[in-house]
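Undergrad:
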Amino acid sequence: MVAAKELWVTASELLRSQVSDGVWQSTFAQVSPVDLTGDTIVLTMPNGIIRDRLDGRYRPLVEDAVAEAAGHELKVDFQLLIPTLFEPDPSPELDFRSGSHATPPKPEHRQAMSNVGGDAGAVGHDLENRYTFKNFVTGPSNRFAIAAALSVAERPGGSYNPLFIYGSAGLGKTHILRAIQHFVMEVEPQRKVLYVSTETFLNEFVDSIKNSSGNDFKRRYRQIDVLLVDDIQFIEGKDRLQEELFHTFNDLYGANRQIVLSSDRPPDAIPTLEERLKSRFMMGLLTDIQPPDIETRMAILRKKAERDAILLPNDVSEFIAANIVNNIRELEGALNKVTAFANLNGEPMTTTLAEQVLGDFIADRQPRPITAEMILEETVQQFGFPVEELIGKSRRRPLVIARQMAMYVTRELTDLSFPLIAREFGGRDHTTVIHACDKISALMKERSQIYNHVMALEKAVRNKAHAGDR
Ligand code: ADP
Ligand code: MG
Numbered sequence: 001m002v003a004a005k006e007l008w009v010t011a012s013e014l015l016r017s018q019v020s021d022g023v024w025q026s027t028f029a030q031v032s033p034v035d036l037t038g039d040t041i042v043l044t045m046p047n048g049i050i051r052d053r054l055d056g057r058y059r060p061l062v063e064d065a066v067a068e069a070a071g072h073e074l075k076v077d078f079q080l081l082i083p084t085l086f087e088p089d090p091s092p093e094l095d096f097r098s099g100s101h102a103t104p105p106k107p108e109h110r111q112a113m114s115n116v117g118g119d120a121g122a123v124g125h126d127l128e129n130r131y132t133f134k135n136f137v138t139g140p141s142n143r144f145a146i147a148a149a150l151s152v153a154e155r156p157g158g159s160y161n162p163l164f165i166y167g168s169a170g171l172g173k174t175h176i177l178r179a180i181q182h183f184v185m186e187v188e189p190q191r192k193v194l195y196v197s198t199e200t201f202l203n204e205f206v207d208s209i210k211n212s213s214g215n216d217f218k219r220r221y222r223q224i225d226v227l228l229v230d231d232i233q234f235i236e237g238k239d240r241l242q243e244e245l246f247h248t249f250n251d252l253y254g255a256n257r258q259i260v261l262s263s264d265r266p267p268d269a270i271p272t273l274e275e276r277l278k279s280r281f282m283m284g285l286l287t288d289i290q291p292p293d294i295e296t297r298m299a300i301l302r303k304k305a306e307r308d309a310i311l312l313p314n315d316v317s318e319f320i321a322a323n324i325v326n327n328i329r330e331l332e333g334a335l336n337k338v339t340a341f342a343n344l345n346g347e348p349m350t351t352t353l354a355e356q357v358l359g360d361f362i363a364d365r366q367p368r369p370i371t372a373e374m375i376l377e378e379t380v381q382q383f384g385f386p387v388e389e390l391i392g393k394s395r396r397r398p399l400v401i402a403r404q405m406a407m408y409v410t411r412e413l414t415d416l417s418f419p420l421i422a423r424e425f426g427g428r429d430h431t432t433v434i435h436a437c438d439k440i441s442a443l444m445k446e447r448s449q450i451y452n453h454v455m456a457l458e459k460a461v462r463n464k465a466h467a468g469d470r
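Heads up, the sequence shown is in our numbering, so the first residue is 1 and it goes up one at a time.
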C-alpha cells in the first residue's frame, strides 16, 4: 500500500507535467493507487468513464510514468473504486523512513492520518473531498458568496456570470472555487470544468507563445464549460495576458459558459487592470467575503476538529477563535499546533495549554511581511542544507523532511497560495506542497522532534521579521 502510494506520487508528478490542467483534474486527479504486488500496480478510479479514458487514451502515458518512477516496467491495472475503499485505512502511512515508528498512533488519529497518507494521486481526491460545500461553514460574513457559488454550481452559465468573489487572504476563496469545481464534476461529469490559478494561466500562456502553440492554448481554454480562475489580482501589469483573458472571456461569455473569478480585492482596486476587463468583471455578480464573526470561527474549529477526530473543549475553541480573528488559515494552523502539543505531551487540551502554545503567535501578529525567501534562509540555518538543495529535486530523506517543513511554515506564515509556494520551491507541482503541508501537520502530532523543529523554525522566522522592523 505504502509502496503503491510512493510510486504513484512520483509517477503522477511526471504525468502532471505532461497533461493539461483540465485533463489532470478530470481524469488523473481522480486516481488512487491501491496496491503494488509483484509486477502490477493497481489504480482505482471512481467511474467507468474515467477508467475507459485512462485505459484507452492514456495507458501508454501512465505505463511510461510508472516505469520511470519504479525504475522498471510494471503492468498497470485500472479498477473501479469500490465503496469499501473509503473506509479508513488501519495502518498509518507515514513515509518517514528514518527512525522507527515506536508507538502505534492512537485510534483517534487514524482518521486524520488516513486523510494524510494519500499522495499526489490521492491528494487530488483528498483535495476535492476537503474543499467541498459540505465542509464550508457559512455565516453572515460569507453567506451571500456561498449562495451565489451554489447557484452557479447548480446552473453553470445560467445565473450569475461572471461570478467575482473577493476578500483578503485565508478567508476561503480557493475553497469556494474548488467546491464549485467539485460539485459540477460530480453532478455533471460530462461538463468540462477547469480550475486554474492565475499563475498557471499565465505560465501556460507564456509557454504557448514560446512553443508557438497559441492556437492550442486558445482552443483549450475556449472549450471549457466552467472556468474558475483563482487570484486574478496577479494579472496586474500583465498586458498581453489581460488581452488574452479578455478574448477568452468574451468567447466563453458569448457561448453561455460559466466564469468564476477570485481576487483579494474588487476589480476597481486592481491597478493597471484594463478598463474593458474591469467592466466585464463587473457585469455579473460581485460578492465579497468578510472575516467571520466569532461564532463562525468557532464553528469552523468544531468542524475541523470533528473531521480530524480531535476532542476540542468549548473553552479552548473559544480561546483560539477569540485570538485569531482575520484568517481561517491561521485559525486552522493554531488548532493544529495546540492539538499537536497536547498530543505529544499527553496533556488534555485546556485554555492554559493553548495560551502557552500560541503565546508568541498571538503576541506578534503584525511583523513585516514574511517571505518564502526568509523562510528558506532560516531553514538553511537550522538544517544546514543549501537553498539549492531545498528547492531542488533530490528526494533524499532528511532533506525531504526539511523541505516539507519549510513548505509547511511558508503556508503558515505567508499568504502565498499553494501554486505560489510551489514556485518558490523550485517550480514544483502545487499538489506536492499540499501533500507536504498535510504530512507535516500530521507528523507534528506524532513526533515531538518534528513539532519542535517546526516551532523553532517559525519562531526564528518571526524573530527575524521583527528584527527587520526595528
Ligand atoms: P483564500 O483562498 O481566500 O486565501 P482558502 O480558501 O485557501 O483562502 O482558505 C484557507 C483555509 O481556510 C482552507 O483550509 C479552507 O478550507 C479554510 N476555510 C476558509 N473559510 C472556511 C469556512 N467558512 N469553513 C471552513 N473552512 C474554511
Ligand atoms: Mg486562495
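Here a beta-carbon is modelled for each residue, glycine too, at the ideal position from N, C-alpha and C.
In angstroms, rounded to a whole number, what distance separates the CA positions of residue 151 and residue 159?
TA: By 1-based counting over the sequence shown, the position of residue 151 is 151. By 1-based counting over the sequence shown, the position of residue 159 is 159. If I take the Cα positions, the gap works out to 7 Å.
Undergrad: Given residue 242, which residues of its chain have a CB within under 8 Å of its CB, disregarding the five upstream and five downstream residues?
TA: Taking the first residue of the sequence shown as 1, we reach residue 242 at position 242. Cβ neighbours of residue 242 beyond the five flanking positions: 235, 273, 274, 277.
Undergrad: Is any heavy atom in the ligand MG found nearer than 6 Å to the beta carbon of residue 174?
TA: Position 174 of the sequence shown, counted from the first residue, corresponds to residue 174. The answer is yes for residue 174.
Undergrad: Rounded to the nearest angstrom, how far is the Cβ of residue 417 from that of residue 288, given a contact under 8 Å?
TA: Counting from 1 along the sequence shown, the entry for residue 417 is found at position 417. Counting from 1 along the sequence shown, the entry for residue 288 is found at position 288. About 19 Å; that fails the 8 Å criterion.
Undergrad: Extract the residue ranges of the alpha helix (DSSP H) inside the segment 336-396, only unbroken runs of 4 or more that lie entirely within it.
TA: Those alpha helix (DSSP H) runs which fall completely within the segment 336-396 and span 4+ residues are 351-363, 372-383, 387-390.
Undergrad: Rounded to the nearest angstrom, how far is the Cβ of residue 308 from that of residue 459, given a contact under 8 Å?
TA: Counting from one through the sequence shown, the residue named residue 308 turns up at place 308. Counting from one through the sequence shown, the residue named residue 459 turns up at place 459. Incorrect: roughly 24 Å between the Cβ atoms, too far for contact.
Undergrad: Could you check whether the Cβ of residue 59 sits closer than 6 Å to any heavy atom belonging to the ligand ADP?
TA: As a first step, residue 59 is located in the sequence shown; it is residue number 59 there, counting from the start. Incorrect: residue 59 has no Cβ contact closer than 6 Å to the ligand ADP.
Undergrad: Just grab the DSSP bridge partners of residue 522 for me.
TA: Because the chain is modelled from 1 through 470, residue 522 falls outside the range shown and cannot be assessed.
Undergrad: May I ask which residues mark the beginning and end of the alpha helix (DSSP H) holding residue 248?
TA: Working through the sequence shown from its first residue, we reach residue 248 at position 248. Per DSSP, residue 248 belongs to the alpha helix (DSSP H) from 239-254.
Undergrad: Quick one: measure Cβ to Cβ for residue 233 and residue 264, integer angstroms, because I've assumed they're closer than 8 Å.
TA: As a working mapping, residue 233 is identified with position 233 in the sequence shown. As a working mapping, residue 264 is identified with position 264 in the sequence shown. So it is a contact: roughly 5 Å between Cβ atoms.
Undergrad: In chain order, what residues of the same chain lie with their CB nearer than 7 Å to the CB of residue 216, ignoring the 5 residues before and after it?
TA: In the sequence shown, counting from the first residue as 1, residue 216 sits at position 216. Contacts found: 208.
Undergrad: List the residues that DSSP assigns as beta-bridge partners of residue 193.
TA: Taking the first residue of the sequence shown as 1, we reach residue 193 at position 193. For residue 193, which the question treats as bridged, DSSP gives the partners 226.
Undergrad: Measuring alpha carbon to alpha carbon, tell me which residue in 428, 293, 134 is nearest residue 199.
TA: Against the sequence shown, residue 199 aligns to sequence position 199. Looking at the Cα atoms, 428 is the closest of the given residues.
Undergrad: If you count every other CB in all the chains shown that lies within 10 Å of the CB of residue 184, and 16 or more means buried, which is it?
TA: Along the sequence shown, read from residue 1 onward, the residue named residue 184 stands at position 184. That one is buried.
Undergrad: Output needed for residue 25: all residues of its chain with C-beta closer than 8 Å, excluding positions within five of it in sequence on either side, in chain order.
TA: Residue numbering aside, residue 25 sits at position 25 when the sequence shown is read from its first letter. Cβ neighbours of residue 25 beyond the five flanking positions: 124, 181, 185, 193, 194, 195.
Undergrad: Measure the C-alpha to C-alpha separation of residue 384 and residue 39 and round it to an integer number of angstroms.
TA: Your numbering for residue 384 matches position 384 in the sequence shown. Your numbering for residue 39 matches position 39 in the sequence shown. Those two C-alpha atoms are separated by around 39 Å.
Undergrad: Taking the C-alpha atoms as reference points, what is the distance between residue 475 and residue 336?
TA: Missing from the structure shown is residue 475; the chain here goes from 1 to 470 and no further.
Undergrad: How is the beta strand (DSSP E) around residue 134 delimited, first residue to last?
TA: What you label residue 134 is simply residue 134 of the sequence shown in a count that begins at 1. Careful: residue 134 lies outside any beta strand (DSSP E) and carries neither H nor E.
Undergrad: Determine the direct distance from the alpha carbon of residue 258 to that of residue 412, and round the result to whole angstroms.
TA: To locate residue 412, count along the sequence shown from 1; it is residue 412. To locate residue 258, count along the sequence shown from 1; it is residue 258. Going from the Cα of residue 412 to the Cα of residue 258 covers about 32 Å.
Undergrad: Looking at the structure shown, is residue 263 part of a helix, part of a strand, or coil, going by DSSP?
TA: Here residue 263 corresponds to residue number 263 of the sequence shown, with the count starting at 1. Strand.
Undergrad: Answer yes or no: do residue 147 and residue 165 have a C-beta to C-beta separation smaller than 7 Å?
TA: For the purposes of this step, residue 147 is identified with residue 147 of the sequence shown, where counting begins at 1. For the purposes of this step, residue 165 is identified with residue 165 of the sequence shown, where counting begins at 1. No, the Cβ-Cβ distance between residue 147 and residue 165 is not below 7 Å.
Undergrad: Under three-state DSSP, which class holds residue 292?
TA: Within the sequence shown, the letter at position 292 stands for residue 292. In the structure shown, residue 292 sits in coil (DSSP, three-state: anything other than H, G, I, E or B).
Undergrad: Excluding sequence positions up to five away, which residues of its chain have a Cβ less than 7 Å from the Cβ of residue 21?
TA: Translated into the one-based positions of the sequence shown, residue 21 becomes position 21. Correct list, in chain order: 194, 196, 200.
Undergrad: Would you mind sorting residue 381 into buried or exposed? The rule is 16 or more other CB atoms within 10 Å of its CB.
TA: What you label residue 381 is simply residue 381 of the sequence shown in a count that begins at 1. Result: exposed.
Undergrad: Rounded to whole angstroms, what's the CA-CA distance from residue 34 to residue 42? Just pull it up for me.
TA: Taking the sequence shown and counting its residues from 1, the one referred to as residue 34 is at position 34. Taking the sequence shown and counting its residues from 1, the one referred to as residue 42 is at position 42. Whole-angstrom Cα-Cα distance: 6 Å.
Undergrad: At what residues does the beta strand (DSSP E) containing residue 79 begin and finish?
TA: For this step, residue 79 is matched to residue 79 along the sequence shown. Per DSSP, residue 79 belongs to the beta strand (DSSP E) from 75-80.
Undergrad: Is there at least one non-hydrogen atom of the ligand ADP closer than 6 Å to the beta-carbon of residue 473?
TA: No answer is possible for residue 473: the residues shown for the chain start at 1 and end at 470.
Undergrad: So, residue 379 versus residue 406, is the Cβ gap smaller than 7 Å?
TA: The residue given as residue 379 occupies position 379 in the sequence shown. The residue given as residue 406 occupies position 406 in the sequence shown. Against a cut-off of 7 Å, the Cβ pair of residue 406 and residue 379 comes out as a contact.
Undergrad: Nearest to residue 66 by CA position, among 10, 50, 395, 16, is which residue?
TA: Along the sequence shown, read from residue 1 onward, the residue named residue 66 stands at position 66. Answer by Cα proximity: 10.
Undergrad: Quick one: measure Cβ to Cβ for residue 54 and residue 62, integer angstroms, because I've assumed they're closer than 8 Å.
TA: Stepping through the sequence shown from its first residue, residue 54 is reached at position 54. Stepping through the sequence shown from its first residue, residue 62 is reached at position 62. Residue 54 to residue 62, Cβ: 7 Å. Contact.
Undergrad: Is residue 410 helix, strand or coil when you go by DSSP?
TA: Counted from its first residue, the sequence shown places residue 410 at position 410. Residue 410 falls in the helix class under three-state DSSP.
Undergrad: Using beta-carbon positions only, say whether residue 483 and residue 375 come within less than 7 Å of one another.
TA: Limits of the chain in this structure are 1 at one end and 470 at the other, which puts residue 483 out of reach.
Undergrad: Does the distance from the CB of residue 162 to the CB of residue 254 come in under 7 Å?
TA: Taking the first residue of the sequence shown as position 1, residue 162 is located at position 162. Taking the first residue of the sequence shown as position 1, residue 254 is located at position 254. Going by C-beta atoms, residue 162 is not nearer than 7 Å to residue 254.
Undergrad: Around the C-beta of residue 388, are 16 or more other C-beta atoms found within 10 angstroms, so that it is buried, or is it exposed?
TA: One-based indexing of the sequence shown puts residue 388 at position 388. Counting Cβ neighbours within 10 Å, residue 388 comes out exposed, since fewer than 16 surround it.
Undergrad: Report, in whole angstroms, the separation of the C-beta atoms of residue 229 and residue 252, which I expect to be a contact under 8 Å.
TA: Residue 229 sits at position 229 when you count from the first residue of the sequence shown. Residue 252 sits at position 252 when you count from the first residue of the sequence shown. Not really, about 11 Å apart at Cβ, beyond 8 Å.
Undergrad: Is the CB-CB distance between residue 478 and residue 170 below 7 Å?
TA: Because the chain here runs from 1 to 470, residue 478 falls outside it and cannot be looked at.
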